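Participant: FYI, in this note's numbering the residues of the sequence shown are 54 to 217.
Glycine residues also receive a C-beta, built at the ideal position from the N, C-alpha and C atoms.
Only a predicted model underlies this, so the values are computations on that prediction, with no experimental measurement involved.
Take a look at this one; I'll ask things after.
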Amino acid sequence: MRVIQGDITDMNTDAIVNAANSGLLGGGGVDGAIHRRAGPALAEYCRPLAPCPTGQARITPGFGLAVRWIIHTVGPVWRGGRHDEAALLAACYTNCLHLCAPHGIRSIAFPAISTGAYGFPKRQAAEIALQACRSFLARFGTELEVLFVCFDRTQHDIYAALLD
Ligand code: AR6
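Structure (structure tokens):
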């Protein structure tokens, strides 16, 4: 597991993860950036895969992106922490990772799901992300490379400190 600062649409891992909404047709933030660079064929492909419930994941080709696969997951909207937000966020990471082996994915890049428009506290979200991925790797995925791509310095430094 590694953290880097950057734009997830520049990654050349086997797969990148999109922080989508249940409609899967694009939006703002990382979702908007991915749909813009992948092109309109992505939304067309996504249409029959919707709705995607919170915590679950759907896989599509990468279309105009350098990656072979995009895994779309829907993070929870932060509503104070008593609405199962932590478990749902952990499920996002775990469900994305479960799609890797069946699709031959050996490297995957995650954004900080739910920490933008959905308002999840950044440090808690990073702890959940790392914990979910760490448990998954311990159980199944010794070969899998997991990258956390942080758009801003603050988020990067939170991950870096936790990974240390
Ligand atoms: N690369 C990496 N990280 C990014 C990028 C990028 N290009 N752009 C933003 N981030 P958000 P959410 C970071 O809002 O909170 C959308 O409208 C950003 O700094 O993209 O899960 C969807 O359609 C933040 O840390 O996703 C949904 O409706 C993190 O990505 C909703 O927002 C997540 O921010 C999902 O909200």
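For V199, which beta-bridge partners are listed by DSSP?
Facilitator: V199 is bridged to I161.
Participant: Can you tell me the Cβ-Cβ gap for A68 and G79, rounded? I've got them flagged as a contact below 8 Å.
Facilitator: A68 to G79, Cβ: 18 Å. No contact.
Participant: Helix, strand or coil: which one does DSSP assign to I181?
Facilitator: helix
Participant: Quick check on this structure: which residue in K175, I158, F163 has the alpha carbon closest to the alpha carbon of W122?
Facilitator: I158
Participant: How many Å lie between F173 and S167 at the Cα?
Facilitator: 5 Å
Participant: Starting from the C-beta of D137, find all residues in its chain whose C-beta is less than 8 Å away, skip the five residues before and the five after it, and write them out in chain order.
Facilitator: P129
Participant: Measuring alpha carbon to alpha carbon, tell me which residue in L197, H156, S75 is nearest T113.
Facilitator: H156
Participant: Does the beta carbon of N65 fall short of 7 Å from some heavy atom of ligand 1?
Facilitator: no
Participant: Count Cβ pairs between the stretch 186 to 197 and the stretch 95 to 110 that sit closer than 8 Å; are there 3 or more?
Facilitator: No, the stretch 186 to 197 is not in contact with the stretch 95 to 110.
Participant: Please classify R176: does DSSP put it in a helix, a strand, or coil?
Facilitator: helix
Participant: Taking the alpha carbon of P93 as the reference point, which residue from L77, L152, V199, N148 has its own alpha carbon closest?
Facilitator: L77
Participant: If you follow the beta strand (DSSP E) that Q58 is part of, which residue opens it and which one closes it?
Facilitator: 55 to 58
Participant: Quick one: does A179 have its CB under 8 Å from some CB of chain B?
Facilitator: Judged by its chain identifiers, the structure shown contains no chain B, having just a single protein chain.
Participant: Closest to T107 by C-alpha separation, out of P164, I87, A144, F116, would be which residue?
Facilitator: A144
Participant: How about T62 and A86: do their beta carbons lie closer than 8 Å?
Facilitator: yes
Participant: Can you have a look at A91 and say buried or exposed, based on whether 16 or more other CB atoms are within 10 angstroms of its CB?
Facilitator: Flag for A91 reads buried.
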